[in-house]
Amino acid sequence: MAKTLIAYYSRRGENYVNGSIKDLKLGNTEVVAAKIKALLPDADMFRIDTTYEYSKSYMTCIEEAKQELHDQARPEVKDPLESIDEYDTIILGYPNWWGTMPMVCYTFLESYDFTGKRIIPFCTNEGSGMGSSVRFIKKLCPTAIVLDGTPIHGAEAQRADREANRIADMV
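Structure, rendered in structure tokens:
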């Protein structure tokens, strides 16, 4: 039986939303992941997280993320999945940080064998779309089937039902 995993990284707390810093109880990517989960109740969810916390300050956090990108860091995934063998489809959600995924998503993708699996990416952003993230997913997972990504304006995450439906329909 085909199984789907919704794996996502999302930042709670201070975020950049429509030109200003706002405190979010749930990060934009997490909001969209929950919408997708509601449409795919049999799918499993996995929150990709680091073993350490980024700064609570958004401005400091983006500088930390910039340094990680510069260093090509591979932050450790907190409580990683033992395996993804049971899944044939992975919906991968993340915010656009510096034109790509947070570096912990790179760690996640490099930690498992995605051979023959379908990866359906979606990315929340404040105007930069998918950036180069889909290209990097294809590079990191060359034996996977990587679908075109779905960019979602982060400020619209609460109302992203159409996008969530589009992603769920790809499964």
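One gets our numbering by counting positions in the sequence shown from 1 and adding 11 to each. Every residue gets a Cβ at the ideal spot worked out from N, C-alpha and C, and that includes glycine. Computed from a prediction, not measured in an experiment: that's the story for all the values here.
Residue closest to residue i, alpha-carbon to alpha-carbon, out of the options
i: V43; options: N136, A76, E75 and L120; result: N136
i: L103; options: E93, E97, F119 and G110; result: F119
i: E97; options: S31, Y63 and K128; result: K128
i: A168; options: G24, L16, V28 and S68; result: V28
i: I73; options: A45, N107, P91 and E93; result: N107
i: K67; options: I130, A45, A84 and R23; result: R23
i: A171; options: A45, L35, V115 and C116; result: A45
Inter-residue Cα distance where the pair is residue i and residue j
i: A13; j: T100; result: 8 Å
i: S143; j: T71; result: 23 Å
i: L80; j: V145; result: 16 Å
i: K149; j: T161; result: 15 Å
i: Y69; j: E121; result: 27 Å
i: N26; j: Q78; result: 18 Å
i: F147; j: E75; result: 20 Å
Where the alpha helix (DSSP H) containing residue i begins and where it ends
i: L120; result: M114 to E121
i: N39; result: N39 to L50
i: D82; result: Y69 to D82
i: I148; result: S144 to L151
Unbroken beta strand (DSSP E) run spanning residue i, endpoints
i: L35; result: S31 to L35
i: L103; result: T100 to P106
i: V28; result: G24 to V28
Proximity of residue i and residue j at Cβ, strictly below 8 Å
i: E87; j: T62; result: yes
i: I95; j: Y123; result: yes
i: Y20; j: P91; result: no
i: I178; j: I59; result: no
i: I151; j: M181; result: Going by the sequence as given, residue 151 is Leu instead of Ile. No, Cβ-Cβ distance for L151 and M181 is not below 8 Å.
i: G140; j: N39; result: no
i: A155; j: T126; result: yes
i: I32; j: M56; result: no
Residues that DSSP places opposite residue i in a beta bridge
i: T135; result: P106 and I163
i: A18; result: F57 and L103
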